[in-house]
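Sequence positions in the sequence shown follow the working numbering and run 17 to 96. Here a beta-carbon is modelled for each residue, glycine too, at the ideal position from N, C-alpha and C. Below: the structure, in structure tokens.
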Amino acid sequence: MNPYTLAWMLLLLFGLINLGMAWFFLRPRNRLNLMWLPGAAVALSYLLFALFPGALTLLAFPILQTLAFQALLRMTTSHK
């Protein structure tokens, strides 16, 4: 199998897993209006890899996902 095809398949799979995890995290809190944040992070990762296929853009995927989940945690948890 072509490594480029394998990279796309894994990127799509991990993107779907991350979106599913965000959905399961936000659904009990009734905050599904924040699904745009992980969706934007996944879409940006796909766009970066489509425009500039390579190892650096693949490494950007976990960084973008980490930043998106950190922002979700900050938005959903209340610090009093």
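For residue i, does the count of other Cβ atoms within 10 angstroms reach 16, so buried, or fall short, so exposed?
i: Gly70; result: exposed
i: Leu27; result: buried
i: Ser94; result: exposed
i: Phe65; result: buried
By how many angstroms is the C-alpha of residue j removed from the C-alpha of residue i?
i: Ala56; j: Trp24; result: 18 Å
i: Arg43; j: Leu63; result: 27 Å
i: Asn18; j: Ala38; result: 30 Å
i: Phe15; j: Phe30; result: This structure cannot speak to residue 15, because the chain is shown only from 17 to 96.
Can you give the beta carbon distance from residue i to residue j, rounded, assuming they're within the 8 Å contact cut?
i: Leu50; j: Leu88; result: 6 Å
i: Arg47; j: Thr82; result: That belief does not hold up - the Cβ atoms of Arg47 and Thr82 are roughly 19 Å apart, past 8 Å.
Thinking just about the alpha-carbon of each residue, which of the options is nearest to the one in residue i?
i: Gly36; options: Tyr20, Phe85 and Leu72; result: Phe85
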